Amino acid sequence: DNSLDPHLAVAAGTKEVLFNVFEGLMKPTSDGDLIPAVAEKYEESEDGTTYTFTLREGVKFHNGASVTADDVVYSIERCADTTGREKPLVEAFSNIQAVEAADDSTVVITLKEADNEFLSYLTTAILPRDYDGQDDAPVGTGPFKFVSRTPQESIVLEKFDEYWGTPAYLDKV
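Positions in the sequence shown are counted from 1; adding 10 to them yields the working numbering.
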């Protein structure tokens, strides 16, 4: 059975659908550029080992909770974790030395060594720390929120009215 948890989903079709439900600190544009999403902006240290992200104000999860730096730390640590597996869910995260919430809206990620590709991995979904139903009822920050799933048949999403960015064009898919 294919989990709807964005960090664990394996089927390509599921990932495409979840792309509308979840966002990372960064997200890709249709041109393949990276732009801030859950983050409003970031700074990179001169030596390329420290990234400081300022979270966008007013970003909400589909369950109504506001996104905090703790949620971001949780999401990144979850993907960097090797507990019970040989390698982290996001391989590039093995380069992370520390992820810290400097305050409610600032996250500092320190790398063991500089990596020019690192930002591209920060499209990894930001999840609410205190929610454990991602397998069956995923909650993210994207333009669409999850409504229901019929395995092997369909997934129903609807427009998330409190989305911080450009609203979805469709009310339901």
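Beta carbons are placed, not taken as given, at the ideal position from N, Cα and C, and that holds for glycine.
In this text the structure is predicted, and so the values were computed from the model without any measurement.
Beta strand (DSSP E) segment containing L65, residue limits: The residue labelled residue 65 in the question sits at position 55 within the sequence shown. Unbroken beta strand (DSSP E) run through L65: T60 to L65.
Among G175, E87 and L137, which residue has its Cα nearest to the Cα of A47? Position 37 of the sequence shown, counted from the first residue, corresponds to residue 47. For the residues G175, E87 and L137, the minimum Cα distance to A47 belongs to G175.
Straight-line gap, T151 to T120 (C-alpha atoms, nearest Å): Within the sequence shown, the letter at position 141 stands for residue 151. Within the sequence shown, the letter at position 110 stands for residue 120. Whole-angstrom Cα-Cα distance: 25 angstroms.
Which residues does DSSP pair with E168 in a beta bridge? Your numbering for residue 168 matches position 158 in the sequence shown. DSSP lists K155 and K182 as the bridge partner or partners of E168.
Residues bridged to V118 (per DSSP): Here residue 118 refers to the residue found at position 108 of the sequence shown. Partner(s): T62 and E110.
Opposite P46 in the DSSP bridges: which residues? To locate residue 46, count along the sequence shown from 1; it is residue 36. P46 is bridged to M36.
DSSP three-state call for K25: helix, strand or coil? Position 15 of the sequence shown holds residue 25. Here K25 carries a helix assignment [DSSP, helix/strand/coil].
Counting along the chain, where does the alpha helix (DSSP H) carrying D81 start and finish? Locating residue 81 in the sequence shown gives position 71, where the first residue counts as 1. Per DSSP, the continuous alpha helix (DSSP H) segment holding D81 begins and ends at A79 to A90.
Give every residue of the same chain whose Cβ lies closer than 7 angstroms to the Cβ of Q107, excluding the five residues on either side of it in the sequence, and list them in chain order. Reading the sequence shown from its first residue, position 97 is the one you call residue 107. The answer, listed in chain order, is T120, L121 and K122.
DSSP three-state assignment for Y173, whether helix, strand or coil: Within the sequence shown, residue 173 is the residue found at index 163, counting from 1. DSSP places Y173 in coil when its eight states are reduced to three.
Per-residue burial, Q162 [other beta carbons within 10 Å of its own, 16 or more giving buried]: The sequence position of residue 162 within the sequence shown is 152, counting from 1. Label assigned to Q162: exposed.
Can you list, in chain order, the residues of its chain whose CB lies under 6 angstroms from that of I86, leaving out five sequence neighbours each side? Locating residue 86 in the sequence shown gives position 76, where the first residue counts as 1. Result list for I86: V109, in chain order.
Whole angstroms is fine: what's the gap from F128's alpha carbon to A178's? For the purposes of this step, residue 128 is taken as residue 118 along the sequence shown, with counting starting at 1. For the purposes of this step, residue 178 is taken as residue 168 along the sequence shown, with counting starting at 1. Their backbone Cα atoms lie some 29 angstroms apart in a straight line.
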